[in-house]
Structure formats: structure tokens, C-alpha cells
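Residue numbers for the sequence shown follow the working numbering, beginning at 25 and rising by one. Heads up, the thing below is written out as C-alpha cells.
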Amino acid sequence: MTTPTAPTPTARFESTPEFGLLLDVDGPIASPVTRTVAIESIGRDLTAMANAGVPVIFNTGRSDAFIAEQVVPVLRASGLLPGAPVFTIAEKGAVWAAVTPGGLGEIKVDRELTLPRGLSDDVRALVAERFSALMFFDETKRAMVSVEMTVGADADEYRAAQRDFDAAIPELLAAHGLDQVRIDPTIISTDIEHERLGKDLGAARTIDLLAERGIEARGWFTMGDSRTDYAMADWLHERGLNVAHVDVRPADGIPESAYEVLTSATEAIHDEAGAEFLAQWATRIRA
Numbered sequence: 025m026t027t028p029t030a031p032t033p034t035a036r037f038e039s040t041p042e043f044g045l046l047l048d049v050d051g052p053i054a055s056p057v058t059r060t061v062a063i064e065s066i067g068r069d070l071t072a073m074a075n076a077g078v079p080v081i082f083n084t085g086r087s088d089a090f091i092a093e094q095v096v097p098v099l100r101a102s103g104l105l106p107g108a109p110v111f112t113i114a115e116k117g118a119v120w121a122a123v124t125p126g127g128l129g130e131i132k133v134d135r136e137l138t139l140p141r142g143l144s145d146d147v148r149a150l151v152a153e154r155f156s157a158l159m160f161f162d163e164t165k166r167a168m169v170s171v172e173m174t175v176g177a178d179a180d181e182y183r184a185a186q187r188d189f190d191a192a193i194p195e196l197l198a199a200h201g202l203d204q205v206r207i208d209p210t211i212i213s214t215d216i217e218h219e220r221l222g223k224d225l226g227a228a229r230t231i232d233l234l235a236e237r238g239i240e241a242r243g244w245f246t247m248g249d250s251r252t253d254y255a256m257a258d259w260l261h262e263r264g265l266n267v268a269h270v271d272v273r274p275a276d277g278i279p280e281s282a283y284e285v286l287t288s289a290t291e292a293i294h295d296e297a298g299a300e301f302l303a304q305w306a307t308r309i310r311a
């Protein structure tokens, strides 16, 4: 006799959870050194909150492929349930999809915000000709054009090369007649992107995606490691939503804001600080 297979458990989610999480990935969730989710508790706590109905949204400049390869397996291993309110808003709002135990759902791309393939080809060639010892071209991006520091490269050498790389980009943009494009360097990468992209666009897409499921969080925690990540909290606050922002790399300076800004009580940074806050929030849900 064949033993019947137990049905896959499905969480039931309330429409007005206590809070939602809008999270940058590099820094707060994934280590900027290893580019992986290196702290075990991060996946466990994110999954516990998602399974309890807390919206978990990865609002990142990373590609959907990075989320599928580095984040989804961690959530799956921690027992993420089907239907949990988890999404990725990738490439700063240009690409989005639901996150499920089996991977990403339908991947949607805003073609109006996608840079031309010719620019990608020119940037790829520039990296190969002058910068390949310290950085690589990100082949997984669908809308923006990005290069990233090679894992293990010397950070000071990379920053010097990055300045030269960034200085070469305006000429390529001019050659393609592109004037609505921003160059956005971070500590491990440079993104070349449509000027409408940003963490605020990711926040707007988040609210729309949750509305499609009838979910409206009563408050929000946003989290990031750069000044541009504050745009998430800015956008939510400007629309009358209750929000607090966690800065996991406050050494760059904390801008004035009309909402609460939180930093690690232990002076931890990056994913260690991220893990600290996620543990606190997961404890609230488990209580």
C-alpha cells in the first residue's frame, strides 16, 4: 500500500500585520565580503516572520538571479511556507517577483526603465579591456548595467579603479544619446541605471504588490547600509505610513529625518547588525 503524501502546509495570513519589512540585501542580509547570507539566524528569523504573515520584501539593486541563488535557498531550508508574503524588488524597482519555497514566481520587468543592450556591450568591453583584474560585469541584470568588485580583491585598489571606471562612463552614455541615466557607485559595485530607479520606486511597488493580496501593514521597518536606502523610509513616511529605518552602516553619517533611525546597540555593522534587528523583530512575533 502506498502511504499518502501529507499535504504541504500553507500559512494563513492576516490582512493587517503589525509590521512589514522592506530590506536592502547587500549589507543587512548578505555579507558584502562573501556576497552570501552567511549568518544562519537571518534566514531562520526572516522565515519565521514571513510564515507568521509579516511581509518581507527584498528591495535591492541586486538581480533576481542573485535572490534566487543566494536568498531563496536559505528561506527554503528554514521552512518558508507557500503563500507567505515575500517578494523581491530587484534592480531598484525595475524587476520584481514573488518569492516562494520553490524559487521566484513570474518575473516582471519594466521595459521603460531598461537600458539599451548596446550600452551593456560597451561597458562589458570596457571592463574586459581595463578593469578585469578587480571587477567583473554582472551578466544577470535585466534593466540596469552593473559591475562589481571581484570577491577577494583589495578594497583600496578596487576603489581607485572604480573612480577611473566611473569617470569613463559619461562618454559611453553620450555615445548612446542617453541623458536620463545615473551612475551610482557603492562600496562593492557601480550601477548605471535609469534615473527613475531607486529604493523609493521599490517601496511604491511593494505597496502595490501587497495591495493585490489585500495586505496593508500597520507599520514598517526599512533597513539598509547606504544613504540611498533612506529613500524607502522617506517614501513611506511621506505617504503617512508609520516607519522606522535601520542603518547598518551609520559611519557614513545619518541624515536628518522625520522618522526614527535605529542603529545597532552593540555597534555591529552590515549583516551582523541586520541579524541583531531581525532577531528582535522575530522575538516579537514569537511572543
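Note that CB positions come from ideal geometry on N, CA and C, so glycine has one too.
Reference residue i, options the options, closest by Cα
i: Val61; options: Val49, Thr71, Leu139; result: Val49
i: Tyr254; options: Met73, Arg141, Gly243, Val272; result: Val272
i: Lys132; options: Asp88, Arg310, Leu104, Glu163; result: Asp88
i: Ser288; options: Leu137, Met159, Ala297; result: Ala297
i: Thr58; options: Asp295, Asp134, Thr138, Ala311; result: Asp295
i: Glu219; options: Thr138, Arg166, Ala122; result: Thr138
i: Arg141; options: Ala92, Leu197, Ser156; result: Leu197
i: Ala228; options: Gly176, Ala275, Phe90, Trp120; result: Trp120
C-alpha gap between residue i and residue j, whole angstroms
i: Thr34; j: Phe82; result: Interpretation of Thr34 is limited by its pLDDT of 49, a score under 50 that renders its predicted location unreliable; the figure taken from the coordinates is listed afterwards. Spanning the two alpha carbons is a distance of roughly 22 Å.
i: Arg154; j: Ala192; result: 11 Å
i: Glu300; j: Glu42; result: 19 Å
i: Pro106; j: Leu99; result: 11 Å
i: Asp224; j: Gly248; result: 13 Å
i: Arg237; j: Asp69; result: 23 Å
i: Glu217; j: Gly129; result: 24 Å
i: Met168; j: Asp188; result: 20 Å
i: Trp259; j: Ile113; result: 15 Å
Helix, strand or coil at residue i according to DSSP, with G and I counted as helix
i: Arg141; result: helix
i: Asp203; result: coil
i: Pro97; result: helix
i: Glu42; result: coil
i: Phe155; result: helix
i: Thr230; result: helix
i: Ala114; result: strand
i: Lys223; result: helix
i: Phe245; result: strand
i: Phe189; result: helix
i: Asp50; result: strand
Neighbourhood of residue i by C-beta distance below 6 Å, restricted to the same chain and skipping five residues each side
i: Pro28; result: Only weak support exists for where Pro28 lies, its pLDDT of 40 falling under 50; the value from the coordinates is given anyway. Closer than 6 Å at Cβ, skipping near neighbours: no residue.
i: Val171; result: Val151, Met159, Phe161, Thr214
i: Val78; result: Pro41
Delimiting residues of the alpha helix (DSSP H) encompassing residue i
i: Glu296; result: 294-310
i: Ile66; result: 64-75
i: Leu260; result: 254-262
Residue interval of the beta strand (DSSP E) (run including residue i)
i: His269; result: 267-271
i: Glu284; result: 284-286
Close beta carbons around residue i, own chain, < 7 Å, minus the five adjacent residues each side
i: Gln186; result: Pro209, Thr214
i: Gly1; result: The structure shown does not extend to residue 1, since the chain is modelled only from 25 through 311, so no value can be given for it.
Closer than 7 Å to chain D by CB, residue i
i: Ala54; result: In the structure shown, chain D cannot be found, because there is only a single protein chain.
Sequence-distant residues of its chain with Cβ nearer than 8 Å to residue i (five each side left out)
i: His269; result: Phe245, Thr246, Met247, Gly248, Asp253, Tyr254, Met256, Ala257, Ser281, Tyr283, Glu284, Val285, Leu286
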